[in-house]
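Asker: First, the structure itself, so that you have it in front of you.
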Amino acid sequence: MLFEGLEHIVREQEPMARYTWFRLGGAAEYFAEPTNRTELLQIIEICRTEDIPIRMLGGGSKVLVRDEGVPGVVVRLSAPAFCEITVNDAQITAGGGARLGHLVSTAVRDGLSGLEQLVGIPGTVGGAVRGNVGANHGDIGQYTIQVEVLTRAGDIKTRDRSELRFAYRKTNIDELVLLSATFALEREEPHALAKRMQKLWILQKAAQPDGNFGMGAIFKDSGGSTAASLIEQAGLKGTRVGDAKVNDRHPNFIEVHPGASAQDVIRLIDLLRTRVFEQLGVELEQDVEIW
Ligand SMILES: Cc1cc2nc3c(=O)[nH]c(=O)nc-3n(C[C@H](O)[C@H](O)[C@H](O)COP(=O)(O)OP(=O)(O)OC[C@H]3O[C@@H](n4cnc5c(N)ncnc54)[C@H](O)[C@@H]3O)c2cc1C
Numbered sequence: 003m004l005f006e007g008l009e010h011i012v013r014e015q016e017p018m019a020r021y022t023w024f025r026l027g028g029a030a031e032y033f034a035e036p037t038n039r040t041e042l043l044q045i046i047e048i049c050r051t052e053d054i055p056i057r058m059l060g061g062g063s064k065v066l067v068r069d070e071g072v073p074g075v076v077v078r079l080s081a082p083a084f085c086e087i088t089v090n091d092a093q094i095t096a097g098g099g100a101r102l103g104h105l106v107s108t109a110v111r112d113g114l115s116g117l118e119q120l121v122g123i124p125g126t127v128g129g130a131v132r133g134n135v136g137a138n139h140g141d142i143g144q145y146t147i148q149v150e151v152l153t154r155a156g157d158i159k160t161r162d163r164s165e166l167r168f169a170y171r172k173t174n175i176d177e178l179v180l181l182s183a184t185f186a187l188e189r190e191e192p193h194a195l196a197k198r199m200q201k202l203w204i205l206q207k208a209a210q211p212d213g214n215f216g217m218g219a220i221f222k223d224s225g226g227s228t229a230a231s232l233i234e235q236a237g238l239k240g241t242r243v244g245d246a247k248v249n250d251r252h253p254n255f256i257e258v259h260p261g262a263s264a265q266d267v268i269r270l271i272d273l274l275r276t277r278v279f280e281q282l283g284v285e286l287e288q289d290v291e292i293w
């Protein structure tokens, strides 16, 4: 066995659909859920020496897994050791596997403002910092002052604010694992803050389709127009390929119906990109990652 001694945390041919928002796609060749940093380092070491591809999965809200599945190892930081959240004065440190929603609610409960703008965005802290998520004119990078990363060579490094760059849905954090991130926030009266978060939550819910799983946001907004408005202008609302369909009210979301395959979604994404370019001359930039 390739992962000898790690059988309790590594599974073979693990179906990935249950771990992603699209609820589609094949199996990961290996799927690992380490319970501590030592086990995580062991997995990385084996992958390095055996030349096996390795990918980190967070909440799976930005990943579409192909029907053929994922070669190599998919690692998920679901264990408590990777999900801790600690508050220190006006700073919060969260593990890469912690849910973003848990981080936001902890900050609000402790009267620390800034991150409430991100209420309602699915996924983990690792995925959020990596992709610099944002909503309501704010993004997570504004508040990130330090990250702890683990490199492909197995070294743990701390990167400070001065070394970090955040742009629209991008960062320069390119190490294999985001282990934790620290955010500097502002003090605010907790009741007023909680009320503001509730209002922002209503806005965020209105900006995305009802229901939870079985869909995903596809393109980045760029060039002053939202991806949704470009898709709508091109008359593509409701377009269907197989059992994947552009959401009628929120055209930057693709919903999947029973029987849909990941290939249906991929073909629909290609069709949207091609038609928007043909009709409006704008190249849509993909946000969702296809694995
Ligand atoms: C309904 C819905 C609403 C959304 N609304 C918004 C929104 O308002 N604003 C917005 O910006 N986005 C939004 N998104 C997109 C998505 O939620 C975010 O991009 C989210 O931050 C992805 O986090 P995740 O944990 O799910 O990452 P995943 O989808 O699991 O992974 C995304 C990427 O991050 C990497 N990654 C994850 N964890 C780690 C880690 N610990 N270390 C290193 N790399 C890691 C993965 O390898 C992958 O490359 C929405 C998505 C959905 C489905």
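Note that this note's numbering has the sequence shown beginning at 3, numbered continuously upward.
A virtual CB, placed ideally from N, CA and C, is assigned to each residue, including glycine.
Computed from a prediction, not measured in an experiment: that's the story for all the values here.
Return yes when the C-beta of Trp203 is under 7 Å from any heavy atom of ligand 1, and no when it is not.
Answerer: no
Asker: Looking at Val106 and Phe127, is the spacing between their C-beta atoms short of 8 Å?
Answerer: It should be pointed out that residue 127 corresponds to Val in this sequence rather than to Phe. The criterion of a C-beta distance shorter than 8 Å is not satisfied by Val127 and Val106.
Asker: Spell out the partners DSSP gives Pro124 in its beta bridges.
Answerer: BP columns for Pro124 are empty, so no partner.
Asker: On the criterion of 16 or more Cβ atoms from any shown chain inside 10 Å, does Gln210 qualify as buried, or is it exposed?
Answerer: Burial of Gln210 is indicated by the presence of at least 16 other C-beta atoms within 10 angstroms of its C-beta.
Asker: In or out: Asn254 buried (at least 16 other Cβ within 10 Å) or exposed?
Answerer: buried
Asker: Which same chain residues, not among the five before or five after Arg198, have their C-beta less than 7 Å away from its C-beta?
Answerer: Glu118
Asker: Classify Thr153: buried if its beta carbon has 16 or more other beta carbons within 10 angstroms, exposed otherwise.
Answerer: exposed
Asker: By Cβ distance below 8 Å, which residues in the same chain neighbour Ala29 in space, the five residues on each side in sequence not counted?
Answerer: Gln15, Glu16, Pro17, Met18, Gly71, Val72
Asker: Let me make sure I understand the geometry here. Which of Ala186, Leu166, Thr184, Leu286 has the alpha-carbon closest to that of Glu177?
Answerer: Leu166
Asker: Among residues of its own chain, excluding the 5 on either side of Arg269, which ones have a beta-carbon nearer than 7 Å to its beta-carbon?
Answerer: Val243
Asker: Tell me the residue span of the beta strand (DSSP E) that contains Gln148.
Answerer: 146-152
Asker: Under 8 Å between the Cβ atoms of Gly129 and Lys64?
Answerer: yes
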